[in-house]
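K.L.:
Take the sequence shown: its position 218, counted from the start at 1, is 299 in this note's numbering, and no numbers get skipped. Below is a structure I'd like to ask you about.
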Amino acid sequence: MSGEVDRRSTDELVATYLADGVVHPITVFPPDDCPPLLAAVRDVLTRPGPAPAPSQEQSSGRLASVSGTQSSVPFVESRHLDSRVVFDLCTAPPVLDLARGILGDDLLLWRSTIIAKPPGGAGFRWHQDFGGVFGAHESYGLEPPLHLNVWMALTPTTRANGCLRFVPGMPQVLPGAPSGPGQRATLLTREEHIDESRAIDAPLAAGEAAVFGDRALHASWPNETDEARLGLAVRITLPQVRVRSHFPGHRNILISGRDALGVNPLAPPPA
């Protein structure tokens, strides 16, 4: 994969992130790389990976069910564990450069999810990703809660086909209510805590990404076009953060620096 240096320095991108909790767009790979990468990811989606299909009780209220689409977890979840193509996207030099600037040199790749919003796919309501995946009366999926989210566009994302939206500068965790009855349903932020007058859209060209923290208040528009929108969500944390296994056999991959404490099970990068 070839690289392309963003015209802004890493220091400038980090400063924007620290002020707003989100920075976009950053260039991950140049336009000429997009068609073969998209074809390679679509090939990955033709076969299942290591994550098992969740039960209805587990998946209710997660992104797929809220969007009205059938869960495709085995095909989209944590494919960096078995696909070199997905792993290389997750660890592209611009991603690692900015992640190191925000979190430091020691980095753990915790999750990745290929996210397809089909034609007519619903929008997703305002929420924060603080704490990882967890349910009521359950400890956080990450302890202590800390991670960075890199949402990478594999196809162009626009307001018409469901791009992300953000309310910049959110400094605290807001009260939420479960989006459904599922064990680990996404917590949706209560409307009285949202000032939509401050909301911004984050359209991305293919090969660009939005990088945001776990307190960033975000949502997405519905897809009102006749083509699917495809993206890759990459979640990065620190080796000293205890990560609850996302599914049986789930492992983390050290992608930068060293793991001095060994609190999480690690896997090597895929071949």
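In this text, a Cβ means the ideal position worked out from N, Cα and C, and glycines have one as well. Predicted model, so just to flag it, every value in this text is computed and none were measured.
Count the other C-beta atoms from every protein chain shown that fall within 10 angstroms of the C-beta of T127, then say buried if there are 16 or more, exposed otherwise.
P.N.:
Taking the sequence shown and counting its residues from 1, the one referred to as residue 127 is at position 46. So T127 counts as exposed.
K.L.:
For the alpha helix (DSSP H) holding P183, just list the boundary residues, first then last.
P.N.:
To locate residue 183, count along the sequence shown from 1; it is residue 102. The sequence as given places Ile at residue 183; Pro does not occur at that position. Element bounds for I183: 174-184.
K.L.:
May I have the straight-line CA-CA distance separating P112 from E219, to the nearest angstrom?
P.N.:
Here residue 112 refers to the residue found at position 31 when the sequence shown is read from its first residue. Here residue 219 refers to the residue found at position 138 when the sequence shown is read from its first residue. Taking the straight line from one Cα to the other gives about 43 Å.
K.L.:
Keeping to the same chain, check which residues put their C-beta closer than 7 Å to that of A314; ignore five residues upstream and five downstream.
P.N.:
Within the sequence shown, numbered from 1, the residue matching residue 314 stands at position 233. Excluding residues within five positions, the ones whose Cβ falls inside 7 Å are S193, T194, I196, N230, W232.
K.L.:
Out of curiosity, what's the CA-to-CA distance linking A234 and G343?
P.N.:
Looking up residue 234 in the sequence shown gives position 153. Looking up residue 343 in the sequence shown gives position 262. Cα-Cα distance, rounded: 33 Å.
K.L.:
Taking just the CA atoms, how far does I183 sit from Y98?
P.N.:
For the purposes of this step, residue 98 is taken as residue 17 along the sequence shown, with counting starting at 1. For the purposes of this step, residue 183 is taken as residue 102 along the sequence shown, with counting starting at 1. Distance between the alpha carbons of Y98 and I183: 8 Å.
K.L.:
Which same chain residues, not among the five before or five after P350, have their C-beta less than 7 Å away from its C-beta?
P.N.:
Translated into the one-based positions of the sequence shown, residue 350 becomes position 269. Within the same chain, Cβ atoms closer than 7 Å to the Cβ of P350 are found at F168, I334, the five residues on either side in sequence being excluded.
K.L.:
Within a Cβ cutoff of 6 Å, which residues of the same chain sit near V248, ignoring the five residues on either side of it in sequence?
P.N.:
Counted from its first residue, the sequence shown places residue 248 at position 167. If you ignore the 5 residues before and after V248, its C-beta comes within less than 6 Å of the C-beta of R279, A280, L298, all in its own chain and listed in chain order.
K.L.:
Whole angstroms is fine: what's the gap from P259's alpha carbon to H208's?
P.N.:
Translated into positions along the sequence shown, residue 259 becomes position 178. Translated into positions along the sequence shown, residue 208 becomes position 127. Using only the alpha carbons, I get a separation of about 10 Å.
K.L.:
Give the DSSP bridge partners of A314, in chain order.
P.N.:
What you label residue 314 is simply residue 233 of the sequence shown in a count that begins at 1. According to DSSP, which records beta bridges pairwise, A314 is partnered with T194, W232.
K.L.:
Helix, strand or coil, according to DSSP, for R296 in the structure here?
P.N.:
Within the sequence shown, the letter at position 215 stands for residue 296. If DSSP states are grouped into helix, strand and coil, R296 belongs with coil.
K.L.:
Within 10 angstroms of the Cβ of P175, are there 16 or more other Cβ atoms? Answer buried if so, exposed if not.
P.N.:
One-based indexing of the sequence shown puts residue 175 at position 94. Buried is the call here.
K.L.:
In angstroms, rounded to a whole number, what distance separates the CA positions of P320 and S159?
P.N.:
Along the sequence shown, read from residue 1 onward, the residue named residue 320 stands at position 239. Along the sequence shown, read from residue 1 onward, the residue named residue 159 stands at position 78. Looking at the two C-alpha atoms, the distance is approximately 18 Å.
K.L.:
Exposed or buried, G185, counting other C-beta atoms within 10 Å across all chains shown (16 or more means buried)?
P.N.:
Taking the first residue of the sequence shown as 1, we reach residue 185 at position 104. Exposed: under 16 other Cβ atoms inside 10 Å.
K.L.:
May I ask you to report which of helix, strand or coil DSSP gives V122?
P.N.:
Here residue 122 refers to the residue found at position 41 when the sequence shown is read from its first residue. Three-state DSSP puts V122 in a helix.
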